[in-house]
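Student:
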Ligand code: UD1
Ligand code: UDP
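Residue numbers (this note's numbering): 1 to 382.
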């Protein structure tokens, strides 16, 4: 008898939903992997929660969305944004009828996509699952967003063992939790290789490199909602004081949120050793991290990238859901108090031993193969 033929299974229909810069950066390696893999039919919905900052990533990564909900409005409120996200993503789900919905992290888009999928009984895969600060006000509203997604997801892709343990402590079914590493390391490796092959992709920083030649460079980012108001003001005044040092220059790509821009511009515009620049695209930002001596940030993703590049990072937040960098010694929590930021940054600038102790490249967050692992998990029965 002739050998029986195995019918080829239909490709899994995966709808990946995202809307902001960090989600796009952390999901493009997975989208690339899904698109190259015959086991999947990959579809993409962007909410447009961000616009310019999202489009920068779509362009460099070559990711082309099938749906763009164009939801960004200036200084949008969380309740209005969330309502429009659930309705808009719900309509895309009804059209696409996916086997899996993939979301990343803890943004309003990720939370709303998970909820819309749950309303339709479509299983959700959560990339970067299990991050917890233990405080629902820090980061706000992200801690609650990711807890909501954690309650819904059928597949939890935890970046680290610690993230896995946090989910198990919340009684998540262990069979659904897998340590995959964080796709941010896949993204960083991809962009670093692109820039090495085509240095002109990050050529736009030459002028600043020339202007600040011989100075120690501090790369700065700040955008957290819990720092709005007083926190932003104290961060700005700390930078102003640090920039009084003749041996230091700060390069600060300023987030497009008006709550960030207005404060930073009013305190720092025109200060000699500070360059306030527009948000950098990913090749230029990776180049900025590479040329920096020190990183000051309240960003989540930057806390993961800086250790991979061996850059000491002072985290301007009260808590972190990424303690792996702190445990490994490349990151330190300093909050948003001006005195503390100036003191900790000055210590690293003046004390060689303290600097060397923090400036060690290591990758507690991943090995660059996370997207491939997640693809294999998306093939498991759901
Ligand atoms: C969002 C996420 C946050 C994430 C951050 C990454 C939520 C609740 N917050 O915060 O978790 O860390 O993105 O950057 O999901 N804007 C522009 N152009 C852009 C992007 C933003 O003009 O490309 C301005 C708009 O005025 C917009 C405002 O920034 O209304 C706030 O954007 P929003 O997405 O609501 O919040 P973020 O503070 O960016
Ligand atoms: N980033 C960028 N350009 C910038 C600032 C940051 O490409 O001008 C990248 C950075 O490398 C990281 C991601 O944006 O991968 C972090 O995004 P953001 O700080 O907006 O959000 P968070 O990580 O705090 O959610």
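Note that the Cβ used here is the ideal one computed from N, Cα and C, for glycine as well.
So for residue 212, helix, strand or coil by DSSP?
Tutor: Here residue 212 is taken as the residue at index 212 of the chain shown, counted from 1. Coil at residue 212, not helix or strand.
Student: Once the 5 residues before and after residue 94 are set aside, which same chain residues still bring their CB inside 8 angstroms of it?
Tutor: Locating residue 94 in the chain shown gives position 94, counting from the first residue. So the list reads 120, once near-sequence residues are dropped.
Student: Excluding five sequence neighbours on each side, which residues of the same chain lie with their C-beta closer than 7 angstroms to the C-beta of residue 57?
Tutor: Counted from its first residue, the chain shown places residue 57 at position 57. Here the set comprises 21, 24, 25, 28, 282.
Student: Residues in the same chain with beta-carbon distance under 8 angstroms from residue 258, minus the five sequence neighbours each way, listed in chain order, please.
Tutor: Taking the first residue of the chain shown as 1, we reach residue 258 at position 258. For residue 258, where only same-chain residues beyond five positions count, the Cβ hits under 8 angstroms are 74, 75.
Student: With distances taken from CA atoms, which of 188, 152, 189 is nearest residue 176?
Tutor: Position 176 of the chain shown, counting from 1, holds the residue named residue 176. The candidate whose alpha carbon is nearest that of residue 176 is 152.
Student: In angstroms with no decimal places, state the Cα-to-Cα distance between residue 306 and residue 60.
Tutor: Mapped onto the chain shown, residue 306 falls at position 306. Mapped onto the chain shown, residue 60 falls at position 60. Cα-Cα distance, rounded: 21 angstroms.
Student: Of all the options 43, 97, 353, which has the alpha carbon lying nearest to the alpha carbon of residue 68?
Tutor: As a first step, residue 68 is located in the chain shown; it is residue number 68 there, counting from the start. Looking at the Cα atoms, 43 is the closest of the given residues.
Student: Taking only runs that begin and end inside the segment 164–206, name each unbroken beta strand (DSSP E) of 3 or more residues, in chain order.
Tutor: You should have 177–179.
Student: When you compare each of 126, 18, 136 to residue 86 by their alpha carbons, which one comes out closest?
Tutor: The residue given as residue 86 occupies position 86 in the chain shown. That would be 18, whose Cα lies nearest to the Cα of residue 86.
Student: With DSSP as the reference, label residue 303 as helix, strand or coil.
Tutor: Locating residue 303 in the chain shown gives position 303, where the first residue counts as 1. DSSP places residue 303 in helix when its eight states are reduced to three.
Student: Looking at the unbroken alpha helix (DSSP H) that takes in residue 342, where does it start and where does it end?
Tutor: Mapped onto the chain shown, residue 342 falls at position 342. Looking at the DSSP string, the run of the alpha helix (DSSP H) that includes residue 342 is 338–350.
Student: Is it true that the CB of residue 98 sits closer than 8 angstroms to the CB of residue 194?
Tutor: Your numbering for residue 194 matches position 194 in the chain shown. Your numbering for residue 98 matches position 98 in the chain shown. No, these two residues do not count as a Cβ contact at 8 angstroms.
Student: Please say whether residue 333 and residue 326 have beta carbons closer to each other than 8 angstroms?
Tutor: Position 326 of the chain shown, counted from the first residue, corresponds to residue 326. Position 333 of the chain shown, counted from the first residue, corresponds to residue 333. Taking 8 angstroms as the Cβ cut-off, residue 326 and residue 333 qualify as a contacting pair.
Student: Evaluate residue 266 with the Cβ neighbour count: other Cβ atoms within 10 Å of its Cβ, from every protein chain shown; 16 or more gives buried, anything less gives exposed.
Tutor: Sequence index remark: in the chain shown, residue 266 carries index 266 (1-based). So residue 266 counts as exposed.
Student: Can you give, in chain order, each stretch of the alpha helix (DSSP H) that sits fully within the segment 49–134 and has at least 4 residues?
Tutor: The qualifying runs are 52–61, 78–96, 108–119.
Student: So residue 51 packs on residue 72, CB below 8 angstroms; how close in whole Å?
Tutor: Counting from 1 along the chain shown, the entry for residue 51 is found at position 51. Counting from 1 along the chain shown, the entry for residue 72 is found at position 72. Confirmed, about 5 angstroms.
Student: Look at the alpha carbon of residue 15 and the alpha carbon of residue 45, and state the distance between them as a whole number of angstroms.
Tutor: On the chain shown, residue 15 is found 15 positions in, with the first residue counted as 1. On the chain shown, residue 45 is found 45 positions in, with the first residue counted as 1. Rounded to the nearest angstrom, the two C-alpha atoms are 7 angstroms apart.
Student: How would you call residue 362, buried or exposed, if buried means at least 16 neighbouring beta carbons within 10 angstroms?
Tutor: Sequence index remark: in the chain shown, residue 362 carries index 362 (1-based). It is exposed - the Cβ of residue 362 has fewer than 16 other Cβ atoms within 10 Å.
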